[in-house]
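Enquirer:
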Amino acid sequence: MAEKIGVYFDLANIGGGLDVQSLATEATKKWGDFIAVSKLVPELALAVTDIEADIAAQGLDGVLLCGASPRFDNELYRFKAQVEYVNLREQCVLSYKNPDGSAYIPAEVAPAPLQQLAQDYVHMGVAKLQKSSVPDSAAIEITRRILVLGGGWTGLTAAYEASSMGYEVVLVEKAEKLGGAVINMPEASPLGPTWEHKTATNLQDKIAKVTGNAKIKVYLNAQMEHLTGQPGAYTANIKTPDGTKTEAIGSVILATGWTALDPKYLEPMGLGKSSKVVTLAEFGKMLLNDSVKAKRIAFVLDTTLAEEAFAKEAAAQEEAQAEAPEAPEAKDGEAEEKAFVKADLESFKHLKYSNVVNSVGMLRLANSVCEKSHDGVQAFILYKNMTVPGILERFYKRMQDRLGVMMTKADVTNIQEVGDHMVVECQNTLLGDDFDLEVDLVVLPTGLVPTTAKEVTVQFDYRQGPDFPDLELFDGYADSNYICFPYETRRTGVYAAGCVRQPLTLDACEVDAKGAVLKAVQCLEAANRGVAVHPRALDNSYPVFNFVRCTQCKRCTEECPFGALDDDEKGTPKPNPARCRRCGTCFGACPERVISFANYNIDQIGSMIRQVVVPADFKHDGPRILILACENDAYPALDMAGMRRKTWSPYCRIIPVRCLGSVNAIWISDAMSKGFDGVMLLGCKYGDDYQCHFIKGSEICNRRMQNIAETLNRLGVQPERVEQLEVAIDEYDKVPAMIDGFVARITALGPNPFKGM
Amino acid sequence: MSNAILVVGGGFSGLTAAIEAAELGHDVYLVEKSPWLGGRVAQLNKYFPKLCPPSCGLEIQFQRIRKNPLIHCLTMAQVVGLSGSKGQYNVRVRISPRHTPPHNVDFTFLASTLEGETPSEFDLGLAGRKALYKSMPFAYPPRFVLDPETLSKSDMVRIAGQDKLDLKEEEREIELEVGSIVIATGWKPYDVTKLSNLGAGNVKNCISNMQLERLASPFGPTQGKIVRPTDGRTPHSVAFVQCAGSRDQNHLNYCSYICCMATLKHCLYLAEQNPDTQVTVFYIDLRAPGRYVKVLEKVQALPNVHFIKGKVANATQARNDCVEIQAEDAIRGEKLTLQYDLVVLATGMQPSLATEDLPLPVARDADGFIVGGEEAGIFAAGCAVMPLDVTRSAQSATAAALKAVQTVKGR
């Protein structure tokens, strides 16, 4: 609780004719002893040393900076006191228009609604600071040991790189030896400049760097049994041939790779029906074992033939299912107790997504087989799109040089065994005519199915279950679904790399492994310092639970997007601060309001809401609208709208929130009992292509809207008074109209029945 | 010995490397040549495959920078000299004058009163900019820059009394001590003037894919409306010329990785703005790596987007400022001559270092990509190494940050 606050008004950035002295006087009048210093400074950025002096001399524990948006210059204001901002520029003066909708031309003296807007914001700022305290440390004792799951190319790279950072490593491999899929690869595609030549994999060197490393402990024939705890302080139970081993672990790298797609998907192209049809992975193994006898080989990249046959069959099945009577739905209670069942997410898509690996692999192996046979083999590569992107084009060009390798675009329309050979029918080729190709062997692509699509890899001992949530959104890959932040998973402290995340060539797997090591190290060091990781990196606040009032309703444990909360048998939540990303979704969920952050809590936002002066005369003084805006995208969009001189109704009061997931229904009740006429929740897009920084926050908020509507109905307030709207950060030109549209709808509804009560 | 890290380049790769290393507790100096961070990504309207706005990711990155006292951003700055060796480098950095204060001042009004204009580098010449400007609303640092050369005579009078503008500010040099270096100098669009068969930039309404991004951007020259630059009219027919410079020994001896996906994304922009627009894509291969196949399939399902496998031989001006292109349909073996309202050249990615100098001891290949440097504690990241998309650039940069940290750790 800040009790000695310094309030500073940045005259250079407060325009619009606002009576700044009056803002300051009113604040002091209202907050009395809480405000120890109140100053109007000509330019805030130049007053830093003065403020520091005030903090030292007066023992200020809070500083309130009134002027431009908090998104500017806050690197200048790193004070030894809590700092809060009042946005009087972008979201006040610059975005202000007159109540009648006309543009405001800045005058000597601000009109009353603008002065009132600014005054409300100043009071709200003091209230926020006054209800904010410095968090205690959430630091935990950590174990500087990284668990690497998977001893293939990616896992071996990760283990070695982590040990080179000075960390201990426990490497868990399911098979009896290290190396994974690369064991069966005769050679690698280019691993570095000049990116033209295939190269030895040197897998044995990579393995030796791990097995000969004192910092790395390897378990073979081993699998995860349980992962308990939190980043920095996990316990891993590992099932090994010598029984279960227990290891203290700091963070996890998931490099469990892939398994080959079920051959049934390629049956329409002859796989499994003829011994003369193999997959690329199988062909690599054959070449390694010198068992390739064929003289003419077709490498078929285009799998449309199988895809269409498979789609037809799937459609027929669907039809049959539609006719069958529906199974009775499980009752609610039963569903909750149901044991976890891993869904099998393997599909034909995995073959299509493996296009780069197969294009590059076929080029490589076609050349290898020609080389090995001293050009005694004729290889044909039939493709629809040769997907060799980027620098690997150089490799493609080189591989075209070999005389024994013939390539063409072709639609492969049929593959069948005729006598002692295979016939591949080709259409729409670059050679002018359709033709039938007679070969001794057909090589089809290998579908890389991520292990996470089929197995529970990590075995989390978490309240929300043993697996990563929502894997179906990403076709089973343990990917982040964020373009900018590829390493984030829904389980803090666990970073995926390699083909479990997406099908990658070996060079890309190595890069990916290194990146994952950095994130894994960063996460456990963050736990040691008690701070959050992405996206609220370095945030030292964390949720605190007042268990006395907890009713064990389990909402927080169920809704946390990151599964940070476990619970005991009674259902009392057990927080794991190092798993927490500090979004506040837990306290948004809590009906008893027992969860809070030291510097962000239910009471704080409630107090801010209560600071707004709501006029009793709706007709004359207009409605009052509360906007709870997500600080990640909506708030910056509002800032940019203001910067671009886009304006919105002066009846709105904006409060930034960490995530819409943190919006507690009590704030809506607070607003309604205060007399606000409407509440607008402005947050990120949700759905499959969500943009929510906390993945589920805006979606969860939307799900809660129904409960909110019911509550409002019970109170006799129309549920239309509360709306959630989605806004992307670049919709700054659209957001003012969204706001004004809502204000118009509320104005049409008339005043909140609670107004003035 | 120093455990600080120098990151050269403030685009997405450089930002990522700098932030990731700093969040591990290392001092990082981020040196960016232009006035703001964000690089090429800041110019993009949307990312594939989700079509989300890049400014969202940049906003997070900038927030992480603002909150981290270990990151020292130097904009309008260039590395001009280096001495020492791995673990202890002395780097000389030249900082150009910005002529505006070292904190946020809103010069919007003053800027709007100025007259002098010059073609905007940021909008790739599609619009002009004033002498006092900020290229993007989410710019970081949030500071205007004053370019005295663009000031007209009357502008000089207008700014004369402005004590916040310092026309006398001079270029200066500083010296930094670092233990390792990440090079993330990124890429630039391949120079269309070199593509003489495709009009060399002289054919009206024949634009580059990056120019299309600017047209589609809400803060671009047309506030997001994709129109013909000559007459502001919505194009009814659009052709995309893939591999404009890429996969060509005379130009770029590699595939630029992103242009197929960028074009697919552009097809989605066009379909959203005007579903009746007829779009034709001329391609050699449609390269949609991995899960991006989904985007390819989505676009292939659009009724008004057509794909022709074949290289475009040339582009010339036709009547009504339309563009005529000659191409070959490689499957049918036909020569085609067709006219379009708008033609977009899917120009490739050229490493910035192909044409620029960097006084750091690293080798480059014939195309300008960095090769090696690791033994000297210098690690290249992102498109300075090879053409990549944003996700893979982030991976590459995170990996480079690891190597840079390993080099200085415990020093």
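So the sequences go chain by chain: U and C. Quick note on our numbering: the first sequence kicks off at 528 and runs consecutively. Quick note on our numbering: the second sequence kicks off at 36 and runs consecutively. Beta carbons are placed, not taken as given, at the ideal position from N, Cα and C, and that holds for glycine. In this text the structure is predicted, and so the values were computed from the model without any measurement.
CA-CA distance, C897 of chain U and V737 of chain U?
Expert: Rounded to the nearest angstrom, the two C-alpha atoms are 34 Å apart.
Enquirer: Does the CB of V328 of chain C have a neighbour CB from chain U at under 8 Å?
Expert: Chain U, which has a Cβ nearer than 8 Å to the Cβ of V328 of chain C, makes this yes.
Enquirer: Is A708 of chain U a contact residue of the ligand GDP, with contact defined as CB to any heavy atom under 7 Å?
Expert: Because no ligand of any kind appears in the structure shown, any question about the ligand GDP cannot be addressed here.
Enquirer: In whole angstroms, what is the alpha-carbon distance linking K300 of chain C and E409 of chain C?
Expert: Going by the C-alpha atoms only, they are around 36 Å apart.
Enquirer: If you draw a straight line from the alpha carbon of A862 of chain U to that of V868 of chain U, how long is it in whole angstroms?
Expert: Because A862 of chain U sits at a pLDDT of 48, beneath the cut-off of 50, its placement in the model cannot be relied upon, and the following sentence gives the value as read from the coordinates. Straight-line Cα distance between these residues: approximately 12 Å.
Enquirer: Do the stretch 292-309 of chain C and the stretch 322-341 of chain C make contact, defined as three or more Cβ pairs closer than 8 Å?
Expert: As far as the Cβ criterion goes, the stretch 292-309 of chain C touches the stretch 322-341 of chain C, which means the pair count is three or higher.
Enquirer: Assign T62 of chain C to one of two classes, buried (16 or more other C-beta atoms within 10 Å of its C-beta) or exposed (fewer than that).
Expert: For the sequence presented, residue 62 of chain C should be read as Asp rather than Thr. Classification of D62 of chain C: buried, given that the 10 Å Cβ count is 16 or more.
Enquirer: Could you tell me the alpha carbon to alpha carbon distance between Y923 of chain U and V883 of chain U, rounded to whole angstroms?
Expert: Cα to Cα, Y923 of chain U sits roughly 12 Å from V883 of chain U.
Enquirer: Please compile the residues from chain C whose C-beta is within a distance smaller than 8 Å of the C-beta of S691 of chain U.
Expert: Q441, listed in chain order.
Enquirer: Of all the options U:S1225, U:K1212, U:D1216, U:V1206, which has the alpha carbon lying nearest to the alpha carbon of G1268 of chain U?
Expert: If we check each option's Cα against that of G1268 of chain U, U:V1206 comes out closest.
Enquirer: Using a Cβ-Cβ distance under 8 Å, would K438 of chain C count as near chain U?
Expert: So, interface residue.
Enquirer: Between C1026 of chain U and T681 of chain U, what straight-line distance do the alpha-carbon atoms span, to the nearest angstrom?
Expert: Taking the straight line from one Cα to the other gives about 8 Å.
Enquirer: Which bits of chain U does P104 of chain C rub up against, with CB to CB less than 9 Å?
Expert: By Cβ distance, chain U contributes E602, R605.
Enquirer: What's the C-alpha gap between F995 of chain U and A415 of chain C?
Expert: Cα to Cα, the separation comes out at about 33 Å.
Enquirer: Alpha carbon to alpha carbon, how far is A563 of chain U from H1220 of chain U?
Expert: About 37 Å.
Enquirer: Which residues in chain C sit within 9 Å of R1082 of chain U, going by Cβ to Cβ distance?
Expert: Ordered by position in chain C, no residue passes the 9 Å Cβ test against R1082 of chain U, which lies about 28 Å from the chain.
Enquirer: Per the contact definition of three or more C-beta pairs closer than 8 Å, is the stretch 660-668 of chain U in contact with the stretch 678-697 of chain U?
Expert: At 8 Å Cβ cutoff, the stretches do not touch.
Enquirer: Please classify R367 of chain C as buried or exposed, where buried requires at least 16 neighbouring CB atoms within 10 angstroms.
Expert: By the 10 Å Cβ count, R367 of chain C comes out exposed.
Enquirer: Less than 8 Å between CB atoms is the rule here; does T721 of chain U satisfy it with respect to chain C?
Expert: Yes, its Cβ sits closer than 8 Å to a Cβ of chain C.
Enquirer: Looking at I1154 of chain U and I1266 of chain U, is the spacing between their C-beta atoms short of 8 Å?
Expert: Against a cut-off of 8 Å, the Cβ pair of I1154 of chain U and I1266 of chain U comes out as a contact.
Enquirer: Please classify K239 of chain C: does DSSP put it in a helix, a strand, or coil?
Expert: The answer is coil: DSSP assigns K239 of chain C none of H, G, I, E or B.
Enquirer: Would you report the Cα separation of V914 of chain U and Y318 of chain C, rounded to the nearest angstrom?
Expert: Sequence inspection shows Thr at residue 914 of chain U; the Val mentioned does not correspond to that position. One C-alpha to the other measures close to 13 Å.
Enquirer: Short check: CB of L1322 of chain U to CB of Y989 of chain U, under 8 Å?
Expert: What is shown of chain U runs 528 to 1284, which leaves residue 1322 of chain U out entirely.
Enquirer: Work out the CA separation of L145 of chain C and P638 of chain U for me, nearest whole Å.
Expert: Going by the C-alpha atoms only, they are around 24 Å apart.
Enquirer: Measure the C-alpha to C-alpha separation of A833 of chain U and V827 of chain U and round it to an integer number of angstroms.
Expert: Between A833 of chain U and V827 of chain U, the C-alpha separation is close to 12 Å.
Enquirer: Just checking: is the beta-carbon of Q1218 of chain U within a distance shorter than 8 Å of some beta-carbon in chain C?
Expert: Closer than 8 Å to some Cβ of chain C, the Cβ of Q1218 of chain U qualifies, so yes.
Enquirer: Counting contacts by CB-CB distance shorter than 8 Å, is R1171 of chain U in contact with chain C?
Expert: Taking Cβ atoms only, chain C reaches closer than 8 Å to R1171 of chain U, which makes this a yes.
Enquirer: For the stretch 1112-1119 of chain U and the stretch 620-627 of chain U, state whether three or more C-beta atom pairs, one from each stretch, are separated by less than 8 Å.
Expert: With a cut-off of 8 Å, the stretch 620-627 of chain U and the stretch 1112-1119 of chain U do not count as touching, because too few Cβ pairs lie within range.
Enquirer: Any beta carbon from chain U within less than 8 Å of P177 of chain C's own beta carbon?
Expert: Yes, because at least one Cβ of chain U sits closer than 8 Å to the Cβ of P177 of chain C.
Enquirer: Where does L1033 of chain U land, buried or exposed, given buried means 16+ other C-beta within 10 angstroms?
Expert: Buried is the call here.
Enquirer: Examine chain C for any beta-carbon lying closer than 8 Å to the beta-carbon of Y1014 of chain U, and answer yes or no.
Expert: By this cut-off, Y1014 of chain U is an interface position.
Enquirer: Given that Y365 of chain C touches chain U, what residues does it touch there, using C-beta distances under 8 Å?
Expert: Note that residue 365 of chain C is Ala in the sequence shown here, rather than Tyr. Per Cβ cutoff of 8 Å: K936, L957.
Enquirer: Please report how far the alpha carbon of W1175 of chain U lies from the alpha carbon of A763 of chain U, in whole angstroms.
Expert: The straight-line gap from Cα to Cα measures roughly 54 Å.
Enquirer: Taking D1288 of chain U as the query, report the chain C residues whose CB atoms sit under 8 Å from its CB, ordered along the chain.
Expert: The question about residue 1288 of chain U has no answer here: the residues shown for chain U are numbered 528 through 1284.
Enquirer: Looking only at its own chain, which residues have a Cβ that is under 8 Å from the Cβ of T1078 of chain U, when we skip the five neighbours before and after it?
Expert: For T1078 of chain U, where only same-chain residues beyond five positions count, the Cβ hits under 8 Å are P1118, E1119.
Enquirer: List the residues of chain C whose Cβ lies closer than 8 Å to the Cβ of Q1029 of chain U, in chain order.
Expert: Correct list: G325, R326.
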